[in-house]
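In what follows, a structure is listed as structure tokens, so that the remarks can point back to it.
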Amino acid sequence: MAVIAVYSVKGGVGKTTIAANLAWCSAMIGGHSTLLWDLDPAGGAGFLFGIDQPGERKAAKAFDGKRHAQSQLWESGYPGLDILPADESLRDIDRHLLALGKKKRLAKLAQSLSENYARIILDCPPTLNETTAQVIRAADAVIVPLPASPLSRRALEMVQAHLSSSAKQHPPILPVLSMFDARRRLHKQLREEMPDWPVVPMASAIEQGADRQAPVGSFAARSPGAEAFASLWQAIDRKLAMRKKPPKRNGLPRLYTQTRRSGGRASSE
Ligand SMILES: Nc1ncnc2c1ncn2[C@@H]1O[C@H](COP(=O)(O)OP(=O)(O)OP(=O)(O)O)[C@@H](O)[C@H]1O
Ligand SMILES: [Mg+2]
Numbered sequence: 634m635a636v637i638a639v640y641s642v643k644g645g646v647g648k649t650t651i652a653a654n655l656a657w658c659s660a661m662i663g664g665h666s667t668l669l670w671d672l673d674p675a676g677g678a679g680f681l682f683g684i685d686q687p688g689e690r691k692a693a694k695a696f697d698g699k700r701h702a703q704s705q706l707w708e709s710g711y712p713g714l715d716i717l718p719a720d721e722s723l724r725d726i727d728r729h730l731l732a733l734g735k736k737k738r739l740a741k742l743a744q745s746l747s748e749n750y751a752r753i754i755l756d757c758p759p760t761l762n763e764t765t766a767q768v769i770r771a772a773d774a775v776i777v778p779l780p781a782s783p784l785s786r787r788a789l790e791m792v793q794a795h796l797s798s799s800a801k802q803h804p805p806i807l808p809v810l811s812m813f814d815a816r817r818r819l820h821k822q823l824r825e826e827m828p829d830w831p832v833v834p835m836a837s838a839i840e841q842g843a844d845r846q847a848p849v850g851s852f853a854a855r856s857p858g859a860e861a862f863a864s865l866w867q868a869i870d871r872k873l874a875m876r877k878k879p880p881k882r883n884g885l886p887r888l889y890t891q892t893r894r895s896g897g898r899a900s901s902e
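If you count by the numbering used here, then the sequence shown holds residues 634 to 902, one letter each, in order.
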């Protein structure tokens, strides 16, 4: 089992797009039973799978326990992929978690849901708060989408600082160059500086995914966007498989490995 958080302190950098498409790749390419858990009250991840209005369901109730979480699951329409959608009730979740005083509530819930899911992907809001700290405690890897701008490195440093302050042993970070446009000088420059970072191109097929409410791989499998998500997914899966190996650091920030729980196999309850 692995929990993968897609997180940044910055808004509009492609977190939801990456989380939704990676969840689809995990189920459809990786063959893993997968849960996409939307933690952002804006509800973008569910929307990308056609869940416009989760209705009267109360997303925040999921934090009350496994059964509550399970009662709110939606089928995505793709085999092996379920969604725990967000709604406005999550706006209060930070206060709720602080009042509970359970620092690992999210981690424990993810652990109990892992009886049914081999991969849990968290789409996070661009906040620095208790919910983020809980996400970091729960995650086995944190994907940080960074648009190609001079501010990217700074944003990454902020995420790293936050991760370090949230947990003694924070999970590995995978920076991803998002919305990459090879025609732009600054983009090319950053790509040259960070050759190890996976890239998600700025692509009209990816944008269309929001319009069609479908992952790009489902309607344009051979497009550069779909291929980028597939290879990003494979890179993450490979890194997760290496979780117990010793840390590998080499200058600039990159995914590195730290000792985490070994996890169990998912079962189909
Ligand atoms: N690679 C891409 N190519 C083209 N458009 C993209 C790409 N990635 C994201 N977008 C578009 O950019 C916008 C912002 O993306 P997204 O909602 O995924 O960002 P976010 O980081 O989740 O934002 P927020 O912080 O508001 O939750 C959306 O309209 C999305 O369709
Ligand atoms: Mg989002």
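We put the CB at the ideal spot given by N, CA and C, even for glycine.
Everything numeric in this text was worked out from a predicted model, so none of it was measured.
Straight-line gap, residue i to residue j (C-alpha atoms, nearest Å)
| i | j | result |
| --- | --- | --- |
| Lys881 | Arg700 | Its pLDDT being 48, under 50, Lys881 is placed unreliably by the model, and nothing is read from it. |
| Thr892 | Arg876 | Because Thr892 sits at a pLDDT of 33, beneath the cut-off of 50, its placement in the model cannot be relied upon, and the following sentence gives the value as read from the coordinates. Answer to the nearest angstrom: the Cα atoms are 7 Å apart. |
| Phe862 | Val646 | 15 Å |
| His665 | Gly734 | 33 Å |
| Lys737 | Asn762 | 14 Å |
| Val833 | Gln822 | 16 Å |
| Ala781 | Ala766 | 26 Å |
| Gln905 | Leu714 | Summary: the structure shown does not reach residue 905, with the chain confined to residues 634 through 902, and so no result is reported for it. |
| Gly677 | Arg818 | 31 Å |
| Asp633 | Leu723 | Past the edges of the chain, shown from 634 to 902, lies residue 633, and the structure says nothing about it. |
| Ala836 | Met634 | 31 Å |
| Ser864 | Pro759 | 25 Å |
| Glu825 | Phe813 | 12 Å |
| Val636 | Ala751 | 9 Å |
| Pro879 | Leu779 | Unreliable placement is indicated for Pro879, whose pLDDT of 48 sits below 50; no coordinate value is reported for it. |
| Arg787 | Gln793 | 10 Å |
Ligand 2 heavy atom lying under 7 Å from the CB of residue i
| i | result |
| --- | --- |
| Ala874 | no |
| Lys648 | yes |
| Ala675 | yes |
| Asp725 | no |
| Asp756 | yes |
Test: residue i CB closer than 8 Å to a CB of chain B
| i | result |
| --- | --- |
| Glu790 | The question asks about chain B, but that chain is absent: this structure has only one protein chain. |
Distance between beta carbons of residue j and residue i, contact taken as under 8 Å
| i | j | result |
| --- | --- | --- |
| Ser811 | Ile662 | That pair is no contact at about 20 Å. |
| Leu807 | Ile776 | 5 Å |
| Ile754 | Trp670 | 7 Å |
| Lys648 | Ser659 | Between Ser659 and Lys648 the Cβ distance is about 16 Å, and since that is not below 8 Å, they are no contact. |
| Gln846 | Phe696 | Not really, about 26 Å apart at Cβ, beyond 8 Å. |
| Ala838 | Ala859 | 7 Å |
| Ala771 | Pro805 | Rounded, the Cβ-Cβ distance is 14 Å, inconsistent with contact. |
| Val639 | Asp720 | Contact flag wrong, Cβ pair sits at about 19 Å. |
| Pro848 | Trp657 | 4 Å |
Distance cut-off 7 Å: residue i Cβ against heavy atoms of ligand 1
| i | result |
| --- | --- |
| Thr765 | no |
| Pro834 | yes |
| Met812 | yes |
| Gly858 | yes |
| Pro804 | no |
| Gly644 | yes |
| Pro759 | yes |
| Ile776 | no |
| Ala847 | no |
Residues bridged to residue i (per DSSP)
| i | result |
| --- | --- |
| Ala774 | Ile637 |
| Glu708 | Asp715 |
| Ile753 | Val636 and Leu668 |
| Pro834 | Phe813 |
| Pro758 | Bridge partners of Pro758: none, in fact. |
| Leu779 | Leu810 |
The alpha helix (DSSP H) enclosing residue i, as first and last residue numbers
| i | result |
| --- | --- |
| Phe680 | Gly677 to Phe680 |
| Pro857 | Pro857 to Ala874 |
| Asp725 | No alpha helix (DSSP H) contains Asp725, which DSSP labels as neither H nor E. |
| Phe852 | Val849 to Phe852 |
| His803 | Where His803 is concerned, there is no enclosing alpha helix (DSSP H), given that its DSSP letter is neither H nor E. |
| Lys699 | Lys699 to Gln703 |
| Lys741 | Arg738 to Leu746 |
| Gln626 | A query on residue 626 cannot be resolved here, the shown segment of the chain reaching from 634 to 902 and no further. |
| Ala695 | Here Ala695 belongs to no alpha helix (DSSP H), and DSSP marks it neither H nor E. |
| Gln793 | Leu784 to Ser799 |
Enclosing beta strand (DSSP E) for residue i [first to last residue]
| i | result |
| --- | --- |
| Ser811 | Ile806 to Phe813 |
| Val646 | Unbroken run through Val646: none, as it is neither H nor E. |
| Pro828 | Neither: Pro828 is in no beta strand (DSSP E) and is coded neither H nor E. |
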